[in-house]
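Protein chains in written order, with our numbering: chain W, 1 to 462; chain P, 1001 to 1561.
Idealized CB from N, CA, C, for every residue including glycine.
Structure, as structure tokens:
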């Protein structure tokens, strides 16, 4: 099982590394002082009754952590700041961090590597600067980029990847990326191609942390149903039957703003612009007054427009700490890692629950099982599109469907480029037969939720 | 309340850290306020402006700026606690810097309280940071009242004797105490507070207060104003499900000797009754009436009898609500007023909460129904208010001393009131009153987190006997296992605990060498800070009273010891 494979891979990795690592992590003054790593060394240099079966105490393990082990932290926000601190103080020095955002005032109540003077600067840059400054010898390399800006060659260099993301789409993307790095020989998974993925998430006083060993344990897509669906109010409620202050705000955001263009033609509502929010707030009050609804406030308006999720330092600290402990366990083989999902809630006392999330047999991301599509040949392409987005296990966002028809690659529908969307829109109301698709045909579907195209086999039911 | 001697002593030893930048004119004060609202936006949505005010008026004391301590403070400084004071006589050592984000290499040799205060203060200029370069034992010797000024005392890594001394003082003074430690891969917290009341517990899954089993007169009247059978189709499909259910409930009860549907079978039949009410089109096919679907879906929960929970009932009968005195807190005055309301106007029920969930309905019908509940809630709150006024008068206090806002909030939250009472440390540690039952029953599973508690007690015993913790140096590990085992055995014997502590745990605790790995300290830091915020804001419910975190297995447990 995973646990037995782990240390094998670690040993192999340590040997492989001189060839793989082109990075010069060599002769810098690390500024170490006496006793610096006392709190870490006990777990690396002493035998114990609960250690991993293949753990061997060694005075060299610390060097591996300090000089060789490469960890990628995705996100430099609430969880990211905590993760960087925790890893740096556990002996990890070769750390990369990716974050595409800049610092906002509302981050300062928990993202403690940032100060008021940093507002507007890239999170990754400031976070790296702060940690490298505070923790001598630590080498955090920042990337002010999207995760999608990197390809396999980038991700392949890391021993472990930890995520502190605020988006399910992004999680699924990195999940898919690590799946694409897996190599199989004669149908058997090569353990050295596995990069453990640790994922943390928080919301108010709730949080979760999970360990994913791609190809071996449940992945993000295996447990898609665990994520609660986003609340979107029905249009008829918003348009003609508001009852809650939220309905009034959504009315202004979705219907009134595009109609009135209060800040100019084509100027999109920017949730971070106080003037925009003020306008929405005023109009929402008017709408609410019309229907005798109370409760519209500026804070509520901003919350609805930006889909704000409440956040505090404490929950992020707990979840990031859990993840960092697991990173240490995996990197050092000191203990058997969490298997594999922990939930946390401290609304009433403190509650944790640990369980093993199971793999889904036909998971579109991590099972090798070919995905099937079953439709009548007279079904319209729209039905296929709806299935791809609405099916609980797929939950695609803006799938683009292509197929090989008459020997040529044909885009059946793509919505992310306006001109192509317009051109292919008529296909949605055509039947699969009319589009020239055949029984057993392969459809290639691309979507933001995965870096790789997903292949579906088309079966006609009639 | 400041005593002169205490203040004088502290002025001598304590150095105030003046990091706050001044803002003088009103314009910048207003701008400062606006930025605070922006900065704290994400947390204001959790505990509100009044919660934030409580936080900003609090002064917390941390004893020992180890990694666990500074991590706890970090999570209090960031959300804007009013002030903190670190008490720590230790000098910073190399290994302290290694696991502590708020100590640097240049702080080695300096006083740890001072060094940590500087870097914690730097996190948030709204907060006032102070330090005292003394040991808690010295303060307890020379100025025990020192601790009385704090909203909360957080004690990290204190030896047992000092801890018990401190606990006795703050228990007597009514100051809440939170004991925290990180020992190897184990995290530990103990809350010590005599009585902590919570009005706003913010329960996760609260049932609605709809009163369908006993509709109050105004609700009954409102229900009667609907004539489902003769409504226009559009109105029929946009009538709130509460009204729909109430109507069919009337029908059911008239046919079932006034009884509510109770059993599964009855509820099924009731659902079918409602289903039959869905309008049909010309071909006899049921129309799409989402409001009726909602009514059917809600049969399970909306028919629950309106009842006061046992927890709240206990509060109503509590000694504190029976014996009202001039110094009785607002909370117990309100509970007493609530009790009188329940006995009189409430006719056995709490004040109507006044909220209803969103549901498919046209705006007008929904708002009207919502207002029926809101008006009733206001009426009930006024009745409670009258009881409070009379009570206050009876003990010679001004009627304004409990505000209308407080009363309204209390009434709205009356179904979710909570009181947390923790046993004192003295009770936990005394061989006569140690909670043997809890310990023994948990240890039926020898790998229960309880064994980790027993090990912590044992290492404290080891410290008492040997002046150090087990296994700090490699050469000590082997021998200390035997010594620690004796400590375990004598602890169990002294306390009459016939439980088996596996040798593996004794070995593991020697292996730890009393280290404080940062990630575990950070977990405790986050957990403890949130419990501290609960104590300060009186929102959400604190744990009672011992929390153990096992980073090896990533599990945790709460015990009442």
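So, residue i versus residue j, is the Cβ gap smaller than 9 angstroms?
i	j	result
residue 1113 of chain P	residue 1101 of chain P	no
residue 382 of chain W	residue 457 of chain W	no
residue 1422 of chain P	residue 1193 of chain P	yes
residue 397 of chain W	residue 432 of chain W	no
residue 39 of chain W	residue 1515 of chain P	yes
residue 1402 of chain P	residue 1333 of chain P	yes
residue 179 of chain W	residue 222 of chain W	no
residue 324 of chain W	residue 1554 of chain P	no
residue 79 of chain W	residue 202 of chain W	yes
residue 419 of chain W	residue 55 of chain W	no
residue 1359 of chain P	residue 1286 of chain P	no
residue 1540 of chain P	residue 1201 of chain P	yes
If you follow the beta strand (DSSP E) that residue i is part of, which residue opens it and which one closes it?
i	result
residue 241 of chain W	No beta strand (DSSP E) holds residue 241 of chain W; DSSP gives it neither H nor E.
residue 1182 of chain P	1177–1183
residue 1204 of chain P	Per DSSP, residue 1204 of chain P belongs to no beta strand (DSSP E) and is neither H nor E.
residue 163 of chain W	160–163
residue 1519 of chain P	Premise fails: residue 1519 of chain P lies in the alpha helix (DSSP H), 1518–1537, not in any beta strand (DSSP E).
residue 1585 of chain P	There is simply no residue 1585 of chain P to check, as chain P begins at 1001 and stops at 1561 in what is shown.
residue 355 of chain W	351–355
residue 203 of chain W	197–203
residue 114 of chain W	From DSSP, residue 114 of chain W is part of no beta strand (DSSP E); its letter is neither H nor E.
residue 409 of chain W	408–413
residue 209 of chain W	206–212
residue 403 of chain W	400–405
residue 83 of chain W	That residue, residue 83 of chain W, is in no beta strand (DSSP E); its alpha helix (DSSP H) goes 78–88.
residue 342 of chain W	341–345
From the DSSP output, read off the bridge partner residues of residue i.
i	result
residue 1059 of chain P	P:1083
residue 1148 of chain P	Looking at the DSSP assignment, residue 1148 of chain P forms no beta bridge with any residue, so it has no partner.
residue 442 of chain W	W:457
residue 32 of chain W	Note: residue 32 of chain W sits in no beta bridge, so no partner.
residue 1420 of chain P	P:1196
residue 1189 of chain P	P:1180 and P:1547
residue 1336 of chain P	Bridge partners of residue 1336 of chain P: none, in fact.
residue 70 of chain W	W:94
residue 1154 of chain P	P:1062 and P:1178
residue 447 of chain W	W:450
Apart from the five residues on each side of it in sequence, which residues of its chain come closer than 8 angstroms, Cβ to Cβ, to residue i?
i	result
residue 1520 of chain P	1182, 1184, 1185, 1186, 1187, 1549 and 1551
residue 277 of chain W	271, 298, 301, 302 and 305
residue 442 of chain W	403, 404, 455, 456, 457 and 458
residue 50 of chain W	335
Taking 6 angstroms as the limit between beta carbons, can you name the residues of its chain near residue i, skipping five residues before and five after?
i	result
residue 96 of chain W	72 and 141
residue 1144 of chain P	1169
residue 1557 of chain P	1449 and 1548
residue 461 of chain W	374 and 376
residue 113 of chain W	81, 127 and 130
residue 1354 of chain P	1373, 1374 and 1377
residue 1518 of chain P	1067 and 1099
residue 106 of chain W	none
residue 315 of chain W	202, 205 and 207
residue 1406 of chain P	none
What is the residue span of the alpha helix (DSSP H) that residue i lies within?
i	result
residue 1136 of chain P	1136–1142
residue 1313 of chain P	1310–1316
residue 1271 of chain P	1264–1276
residue 1556 of chain P	It is not in any alpha helix (DSSP H) - residue 1556 of chain P instead sits in the beta strand (DSSP E) that spans 1555–1559.
residue 143 of chain W	Taken as a continuous stretch (DSSP letters only), residue 143 of chain W belongs to no alpha helix (DSSP H), being part of the beta strand (DSSP E) at 139–143.
Hey, does residue i have any beta-carbon neighbour from chain B nearer than 9 angstroms?
i	result
residue 1074 of chain P	Structure shown: chain B not included; protein chains present are W and P.
I'd like the list of long-range same chain contacts for residue i, defined as Cβ closer than 7 angstroms, with 5 residues on each side in sequence excluded.
i	result
residue 1397 of chain P	1326
residue 124 of chain W	76, 97, 98, 99, 142, 143 and 144
Under 8 angstroms: does the beta carbon of residue i sit that close to some heavy atom of the ligand GTP?
i	result
residue 1294 of chain P	This structure lacks the ligand GTP; in fact it carries no ligand of any kind.
**OP:** Tell me the start and end of each unbroken alpha helix (DSSP H) in the segment 275–324 of chain W that is at least 4 residues and wholly inside, in chain order.
**Re:** 298–306
Original post:
Which full runs of the alpha helix (DSSP H) of 4+ residues lie inside the segment 1339–1388 of chain P, going along the chain?
Top reply: none
**OP:** Enumerate, from N- to C-terminal direction, the unbroken alpha helix (DSSP H) stretches of 4 or more residues contained entirely within the segment 368–396 of chain W.
**Re:** 381–390
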